[in-house]
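**Q**
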């Protein structure tokens, strides 16, 4: 049996384990869905009438809420990784002929799957409250693939944060920046309505091109250069986070 086959086989086993744990942890999945939905309802029905987005506000804000939903899901990933590290589960795995990196791969792939399920639910609620996307079938596939790449990058970043902290409680707070970043972007208001000092931050952080690309694919708005800027962010974050997670995992399990 080759080492590559062994690594894939171990990863599939750990992915199955993480998916089963996710299915049992209904509370975490509900929170990852309910919070974005509550925010969507608040922004649409309470703040939406006071925000000039140049279009129906529900059509403007739902793509941003989808991005926010993936951010909330990252918190669960960090907590799961930390729990495995402090509970002794990783020590038990390493005492068996199992590739250590498969543990992290399982958490990351399960995170992407959870976030995709949460995204489908958020999309359904958005449609129910009046969101009317202009996307065709190809656009939906492109948007789903694009968002899956985003989820993959933040899941690896969340895994790093889960390895950095030493307690499950700290892991939940470590992802605060990931969930906060969409608020300082074009997710909820047009960037040109922000104060000049804040506008520069919003224009040069990863969430804005991600939101603009998602909005363009789903709503037919101009995408411009946002798509390749977002892909550069995805690639950079994923490569750095993957290498960082591997180094942290080796150090923690040495």
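Residue numbers (my numbering): -11 to 242.
All C-beta atoms in this analysis are idealised placements derived from N, C-alpha and C, irrespective of residue type, glycine included.
(1) From 126, 9 and 1, pick the residue whose C-alpha is nearest to that of residue 93; which is it?
(2) For the alpha helix (DSSP H) containing residue 162, name the first residue and the last one.
(3) Output yes or no for whether 9 Å exceeds the beta carbon distance between residue 154 and residue 70.
(4) State the start and end residues of the unbroken alpha helix (DSSP H) segment that holds residue 200.
(5) On a Cα-Cα basis, can you pick out the residue from 107, 38 and 183 that is closest to residue 18?
(6) For residue 156, tell me which candidate among 9, 32, 74 and 58 has the shortest Cα-Cα distance.
(7) So does residue 224 have its beta carbon nearer than 8 Å to some heavy atom of the ligand HEM?
(8) Hey, out of 175, 191 and 55, whose CA is closest to residue 39's CA?
(9) Please report the straight-line C-alpha distance between residue 181 and residue 173, rounded to a whole angstrom.
(10) Is it a yes or a no for the region 100 to 114 touching the region 17 to 32, going by three-plus beta-carbon pairs under 8 Å?
(11) Just curious, the alpha helix (DSSP H) that residue 38 is in, first and last residue?
(12) Give every residue of the same chain whose Cβ lies closer than 7 Å to the Cβ of residue 191, excluding the five residues on either side of it in the sequence, and list them in chain order.
(13) Candidates 102, 20, 79 and 130: which alpha carbon is nearest residue 237's?
(14) Can you list the beta strand (DSSP E) stretches of 3 or more residues lying completely in the region 101 to 177, in chain order?
**A** So, to answer that:
(1) When only C-alpha atoms are compared, the closest one is 1.
(2) Segment 156 to 162, the alpha helix (DSSP H) holding residue 162.
(3) Result yes, Cβ atoms of residue 154 and residue 70 sit closer than 9 Å.
(4) For residue 200, the enclosing alpha helix (DSSP H) begins and ends at 195 to 207.
(5) Selected option, being the one with the closest Cα: 107.
(6) The shortest Cα separation from residue 156 among 9, 32, 74 and 58 belongs to 74.
(7) As for the ligand HEM, it is missing from this structure, which has no ligand bound.
(8) For residue 39, the closest of 175, 191 and 55 by C-alpha to C-alpha distance is 175.
(9) About 11 Å.
(10) Below 8 Å, enough C-beta pairs join the region 100 to 114 and the region 17 to 32 to call them touching: three or more.
(11) Going by DSSP, residue 38 is part of no alpha helix (DSSP H) at all; its letter is neither H nor E.
(12) Closer than 7 Å at the Cβ level, and outside the excluded window around residue 191, lie 179.
(13) Among 102, 20, 79 and 130, the Cα nearest to that of residue 237 is on 79.
(14) Correct list: empty.
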